[in-house]
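Protein chains in written order, with UniProt numbering: chain A, 1 to 196; chain B, 1 to 196. Beta carbons are placed, not taken as given, at the ideal position from N, Cα and C, and that holds for glycine. Only a predicted model underlies this, so the values are computations on that prediction, with no experimental measurement involved. Okay, so here's the structure we're looking at.
2 protein chains.
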Amino acid sequence: MARTQGSHSDITGPRIDAAALRLFAQFGFAAVSMRQIAGEVGVQAGALYNYTPDKQTLLFRLMRGHMEELLAARAARDAPEADPLDRLRDFVRFHIRFHLERPDEVFIAYMELRNLSEENFAAIEALRRRYEDGLEAILRQGVAAGRFTVPDPKIATLAVIAMLNGVNTWYRSGGRLTLAEVETIYWDMVRKAVAA
Amino acid sequence: MARTQGSHSDITGPRIDAAALRLFAQFGFAAVSMRQIAGEVGVQAGALYNYTPDKQTLLFRLMRGHMEELLAARAARDAPEADPLDRLRDFVRFHIRFHLERPDEVFIAYMELRNLSEENFAAIEALRRRYEDGLEAILRQGVAAGRFTVPDPKIATLAVIAMLNGVNTWYRSGGRLTLAEVETIYWDMVRKAVAA
DNA sequence: AGGCTATCTGAACACGTGTTCAGATAAAAG
DNA sequence: CTTTTATCTGAACACGTGTTCAGATAGCCT
């Protein structure tokens with residue numbers, strides 16, 4: 001089994017992940033070859049197969065790692081007892097910040113789903129739904145408390161997340177707006193969109 | 001020059017476009033071969049080169065055709081003299097309907113940009129910006145008239161479009177909601193998000 | 001009928017693909 | 001120092017890639 005005893009390079013695995021992540025995000029999964037990834041790491045293509053059974057599983061592990069980090073980071077912040085408005089604001093700010101910090105992971109997780117096997121696709125979709133359910137719960141809580149007016153919380157969830165994801169397509173740090181300004185603008189729109 | 005006189009098959013060009021569109025949307029540009037497209041049409045791969053100089057240009061023509069249809073359809077509907085609220089509502093309804101009617105084109109136009117050459121990429125981006133500018137003009141008109149409160153019309157434009165594009169990822173005709181219901185739900189959210 | 005020409009075939013070219021594996025390498029364990 | 005073991009190399013396998021082009025084909029025009 002790989003990696004059971006320390007040996008020449010305990011950091012090859014992470015370096016493969018980093019190289020694959022960057023290349024997949026830039027050129028697309030199908031357009032990147034195992035030799036290209038290996039070249040970036042400084043090994044031959046065959047060596048990659050000590051770390052992944054095949055190319056598709058390498059992609060899957062990257063996606064799953066990203067989604068699990070997302071869920072863990074979110075769970076560590078959420079305060080289910082708090083005011084719905086506060087929870088929603090925190091969700092918006094968290095989502096924007098977390099995704100802007102990981103543009104490559106986000107890009108891959110949304111664009112390369114069709115390159116997964118059926119089971120792996122289902123696994124990623126399940127993780128994504130868990131994340132969406134977190135937002136939906138906030139919206140339902142706000143509706144129940146009479147603070148939000150949302151005719152269809154499921155659709156509103158998808159609409160809010162789609163809107164927030166859009167930030168990743170245009171935001172560049174050092175650009176016209178600071179991260180804090182972006183957070184404020186989007187929070188204003190979300191707040192108003194669900195307002196009672 | 002091709003297609004100057006009617007001959008055995010005046011419909012091969014469109015059939016190639018339709019096959020390429022479907023396959024690119026389903027498997028991705030890089031994962032679809034010219035032989036696969038040709039097979040769908042019922043010709044050999046070499047025959048495709050009577051209709052496109054290369055694979056990438058085939059993709060580009062599909063994208064450009066889609067964007068030009070989008071702009072033309074929008075221009076045919078917009079009424080610059082009308083009330084900003086009416087114009088915005090029409091934009092929302094138009095955008096949802098137009099995009100839901102062309103899921104493959106939309107998918108390709110948003111996912112395969114990185115497979116275009118630099119000039120072709122710039123051409124598509126210019127068309128997209130023209131479309132976005134149409135919405136931005138509506139928002140600015142509404143702000144000037146004191147009907148909307150939008151701190152940054154450029155960002156609001158991108159946010160609204162991102163939100164509306166999200167519909168394509170989940171809507172299925174015959175599902176829980178009718179197209180009219182979807183239009184109403186999204187229009188409510190957009191209206192409130194930009195409300196004065 | 002005969003020539004013209006747009007279109008298509010089928011083979012070829014040069015190269016890239018994911019994956020496998022016997023043998024080399026070098027670090028850790030005894 | 002010797003053995004063990006994880007790791008890597010380098011070549012090979014079987015096949016697929018976009019693209020080109022000489023030659024065949026068949027509909028249109030005179």
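Check	Outcome
Three-state secondary structure (DSSP) at residue 126(B)?	helix
Determine the contact status of residue 109(B) and residue 163(B), defining contact as a CB-CB distance below 8 Å.	no
Just by C-beta distance, which residues in the segment 149-175 of chain B are closer than 9 Å to chain A?	149, 150, 151, 152, 154, 155, 156, 158, 159, 160, 161, 162, 163, 164, 165, 166, 167, 169 and 170
Quick one: Cα of residue 78(B) to Cα of residue 191(B), how far?	18 Å
Given 8 Å as the limit, is there contact between the segment 156-173 of chain A and the segment 97-111 of chain A, that is, 3 or more CB pairs closer than that?	yes
Can you list the residues of chain B that residue 195(A) reaches, using a CB-CB cut of under 8 Å?	192
Which bits of chain A does residue 142(B) rub up against, with CB to CB less than 8 Å?	Within chain A, no residue comes near residue 142(B); the closest Cβ sits about 14 Å away, beyond 8 Å.
Identify the continuous alpha helix (DSSP H) that holds residue 96(A) and give its terminal residues.	84-100
Compare the C-alpha of residue 34(B) against each of 84(B), 19(B) and 102(B) and name the closest.	19(B)
Between 55(A), 115(A), 143(A) and 169(A), which has its C-alpha nearest residue 29(B)'s C-alpha?	115(A)
Taking C-alpha atoms, which residue in 193(B), 123(B) and 171(B) lies nearest to residue 149(B)?	193(B)
For chain A, check one thing: does any of its Cβ atoms lie closer than 8 Å to the Cβ of residue 19(B)?	no
Within a Cβ cutoff of 6 Å, which residues of the same chain sit near residue 88(A), ignoring the five residues on either side of it in sequence?	138
Would you report the Cα separation of residue 177(A) and residue 155(B), rounded to the nearest angstrom?	10 Å
Residue 153(B) lies in the alpha helix (DSSP H); which residues open and close that run?	153-165
At which residues does the alpha helix (DSSP H) containing residue 190(A) begin and terminate?	179-194
In chain order, what residues of the same chain lie with their CB nearer than 7 Å to the CB of residue 209(B), ignoring the 5 residues before and after it?	As displayed, chain B neither begins before 1 nor continues past 196, which places residue 209(B) out of reach and without an answer.
Would you kindly check if the distance between the Cβ of residue 119(B) and the Cβ of residue 24(B) is under 8 Å?	no
If I'm right that residue 179(B) touches residue 100(B) with Cβ under 8 Å, what's the distance once you round it to whole angstroms?	7 Å
Starting from residue 14(A), trace the alpha helix (DSSP H) in both directions and tell me its first and last residue.	12-27
Check whether chain B comes within 8 Å of residue 34(A), counting only Cβ atoms and requiring the distance to be less than that.	no
Please determine, among 14(A), 144(A), 46(A) and 95(A), the residue with the shortest C-alpha to C-alpha distance to residue 160(A).	95(A)
Where does the unbroken alpha helix (DSSP H) through residue 110(A) begin, and where does it stop?	103-111
Output the distance between the C-alpha atoms of residue 61(B) and residue 170(B), rounded to the nearest integer angstrom.	27 Å
Indicate whether at least one CB of chain B lies closer than 8 Å to the CB of residue 186(A).	yes
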